[in-house]
Amino acid sequence: MSDVADRIRKVTVETLKVDPGRITDDSRFVEDLGAESIQSVELVAAFEEEFDIEMDEEAALGVKTFGTAVEFISAMLSA
Amino acid sequence: MGIIDGFIKKVSGRNLKVVLPEGSDERIILAARRIKDENIAEPIVLGKPEKIAEAIEKAGVNLDGITVINPKESDKLAEYTQKYIGNRDDISEGIAKRMVSKPLFYAGMMVKCGDADTMIAGAASATASVIQAGVLAVGMAEGINTPSSFFLMVIPEYLGETDKPYIFADCAVNINPNATELADIALASASSAKGLLTDEPKVAMLSFSTKGSASHADVDKVVEALEIAKGKNPTLAIDGEFQADSAIVPAVAAKKVKGESTVAGYANVLIFPDLDCGNVAYKLTQRLAKADAIGPFLQGFATPISDLSRGASVEDIVNTTAITLAQL
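In order, the protein sequence lines correspond to chains H and V. Position in the first sequence (first residue = 1) + 12 = this note's numbering. Position in the second sequence (first residue = 1) + 15 = this note's numbering.
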């Protein structure tokens with residue numbers, strides 16, 4: 013779990029150019045971490061690239077916080 | 016002939032290409048078949064082969080003679096990936112390829128690269144996703160940074176005219192646009208009107224004030240938007256701020272609007288100051304005036320594209336295709 017969280021943190025830092033110290037489980041990508049709502053879809057593509065997974069559109073729209081991204085991707089990887 | 020029949024006639028036989036990225040939905044299969052058979056346009060259907068096969072089975076029609084593309088296996092993927100990256104240095108090739116492999120974005124890149132004339136999506140996707148594909152893949156129209164929407168309102172009878180068309184905007188997307196965004200909505204609406212209305216666009220910036228009759232920050236916003244829009248397009252017939260009656264009733268305009276205005280009283284493009292006004296206005300016009308409310312359609316992109324409602328019927332998809340292509 014922590015490895016997944018670390019990798020999601022790394023991708024988030026690289027994509028959104030934010031300080032890793034600002035990221036908590038409750039951090040919202042758009043409102044708190046400065047993702048333009050239009051570009052949040054590219055953040056999802058960055059997660060897909062990191063983990064070599066495919067997130068469907070509905071799921072991607074539902075991933076709004078760092079914590080939900082960790083939960084969702086961990087579940088996908090263990091499925 | 017109804018107004019939609021007119022648009023179908025306008026686009027038919029021109030071999031315009033419409034890409035439909037939601038090929039796993041049976042309504043899309045049925046619409047593609049009709050669009051092809053009725054010679055409205057050349058449909059291109061996107062999706063995974065097994066999903067399209069399932070949708071074909073449910074639809075009970077075939078896609079013979081219709082181009083079907085699986086974005087992931089397309090030989091255009093490398094080209095679209097590079098075009099998507101463009102001059103950006105903040106996206107890797109791997110992520111860009113992921114993006115353009117998604118049907119909505121692949122469709123957007125087809126439009127951007129001239130491989131399709133428009134994309135119609137939204138039957139199986141959220142409006143936000145269609146707008147994202149519009150902004151990131153198709154790109155915005157020159158000078159416009161705000162995606163927005165419009166309705167084509169057709170009033171059965173108004174001041175002696177029958178089936179009088181108006182453009183109403185923005186009634187569906189931007190909740191509380193600032194002056195810059197409102198100017199973008201006005202300019203995009205003028206462009207939409209050019210494609211769809213017989214008359215030249217006359218754009219009215221609506222308010223609760225007519226030419227300074229009231230003072231308020233909300234009025235200032237509309238006035239500022241007007242000035243921005245005029246600055247960006249000096250030849251456009253655009254004026255304000257107007258109350259609705261000053262915009263569309265010549266007799267009221269003659270009394271309330273001092274000075275020359277080619278728009279006052281004769282506006283056919285109505286720009287509402289926010290979504291509260293726009294949404295309420297279109298619904299009241301639809302119910303009280305028995306107007307046809309056709310839309311909403313997206314606008315502001317480099318090429319017109321459209322979003323469908325989740326509940327869109329096959330006929331809605333076919334008509335939306337015709338109306339969107341009619342703007343070209």
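Positions of the beta carbon are idealized from the N, C-alpha and C atoms, including for glycine.
Check: Does residue 42(H) have its Cβ less than 8 Å from a Cβ in chain V?
Finding: Position 30 of the first sequence, counted from the first residue, corresponds to residue 42(H). Not one chain V Cβ lies under 8 Å of residue 42(H).
Next item on the list: Identify which residue in 184(V), 34(V), 123(V), 169(V) has its Cα closest to the Cα of residue 155(V).
Entry: Counting from 1 along the second sequence, the entry for residue 155(V) is found at position 140. Ranking 184(V), 34(V), 123(V), 169(V) by Cα distance to residue 155(V) puts 123(V) first.
Margin query: Helix, strand or coil, according to DSSP, for residue 71(H) in the structure here?
Written below: On the first sequence, position 59 is the one that residue 71(H) refers to. Three-state DSSP puts residue 71(H) in a helix.
Item checked: chain H contacts from the region 104 to 138 of chain V (Cβ-Cβ distance under 7 Å) -> 106, 109, 110, 113, 114
Check: Counting pairs of beta carbons, one from the region 189 to 206 of chain V and one from the region 146 to 165 of chain V, are three or more of them closer than 8 Å?
Finding: yes
Checklist line | Cross-chain neighbours of residue 143(V) in chain H, by beta carbon under 8 Å | finding: One-based indexing of the second sequence puts residue 143(V) at position 128. 49, 73, listed in chain order.
Item checked: Whole-angstrom C-beta distance between residue 30(H) and residue 85(H), which should lie under 8 Å -> In the first sequence, counting from the first residue as 1, residue 85(H) sits at position 73. In the first sequence, counting from the first residue as 1, residue 30(H) sits at position 18. Contact annotation, residue 85(H) with residue 30(H): C-beta distance approximately 18 Å; criterion of less than 8 Å not satisfied.
Checklist line | In DSSP terms, what residue 179(V) is bridged to | finding: Taking the first residue of the second sequence as position 1, residue 179(V) is located at position 164. DSSP output for residue 179(V) lists 170(V) as bridge partner(s).
Note to self: Checking 8 Å against the spacing of the C-beta atoms, do residue 205(V) and residue 285(V) come in under that value?
What the structure shows: Position 190 of the second sequence, counted from the first residue, corresponds to residue 205(V). Position 270 of the second sequence, counted from the first residue, corresponds to residue 285(V). Against a cut-off of 8 Å, the Cβ pair of residue 285(V) and residue 205(V) comes out as no contact.
Checklist line | Proximal chain H residues relative to residue 222(V), where beta-carbon distance stays under 8 Å | finding: Position 207 of the second sequence, counted from the first residue, corresponds to residue 222(V). Result: empty, since nearest Cβ-Cβ is about 28 Å, beyond 8 Å.
Check: Just checking my contact of residue 44(V) with residue 78(V) at CB under 8 Å: how many whole Å lie between their CB atoms?
Finding: Taking the first residue of the second sequence as position 1, residue 44(V) is located at position 29. Taking the first residue of the second sequence as position 1, residue 78(V) is located at position 63. Contact flag correct, Cβ pair sits at about 7 Å.
Next item on the list: Quick one: residues in its chain with C-beta nearer than 6 Å to the C-beta of residue 40(H), no 5 flanking neighbours on either side, listed in chain order?
Entry: On the first sequence, position 28 is the one that residue 40(H) refers to. Taken in chain order, the residues that qualify are 76, 77.
Note to self: Tell me which residues of the region 53 to 87 of chain H have at least one Cβ-Cβ distance to chain V shorter than 7 Å, keeping chain order.
What the structure shows: 53, 54, 57, 58, 60, 61, 69, 73
Next item on the list: Give the range of the alpha helix (DSSP H) segment to which residue 308(V) is assigned.
Entry: Here the question's residue 308(V) lines up with position 293 in the second sequence. It is not in any alpha helix (DSSP H) - residue 308(V) instead sits in the beta strand (DSSP E) that spans 307 to 314.
Next item on the list: Would you mind sorting residue 261(V) into buried or exposed? The rule is 16 or more other CB atoms within 10 Å of its CB.
Entry: Taking the second sequence and counting its residues from 1, the one referred to as residue 261(V) is at position 246. Buried.
Next item on the list: Pull out every residue of the region 74 to 106 of chain V whose Cβ sits closer than 7 Å to any Cβ of chain H, in chain order.
Entry: 106
Notebook entry, point to check: Skipping 5 residues on each side, what residues in its chain have a beta carbon closer than 8 Å to that of residue 273(V)?
Noted result: The sequence position of residue 273(V) within the second sequence is 258, counting from 1. A distance below 8 Å between beta-carbons, with the five flanking residues on each side excluded, links residue 273(V) to the following residues of its chain, in chain order: 226.
Check: Quick one: does residue 150(V) have its CB under 8 Å from some CB of chain H?
Finding: Within the second sequence, numbered from 1, the residue matching residue 150(V) stands at position 135. Yes, residue 150(V) lies at the interface with chain H (some Cβ there is under 8 Å from its Cβ).
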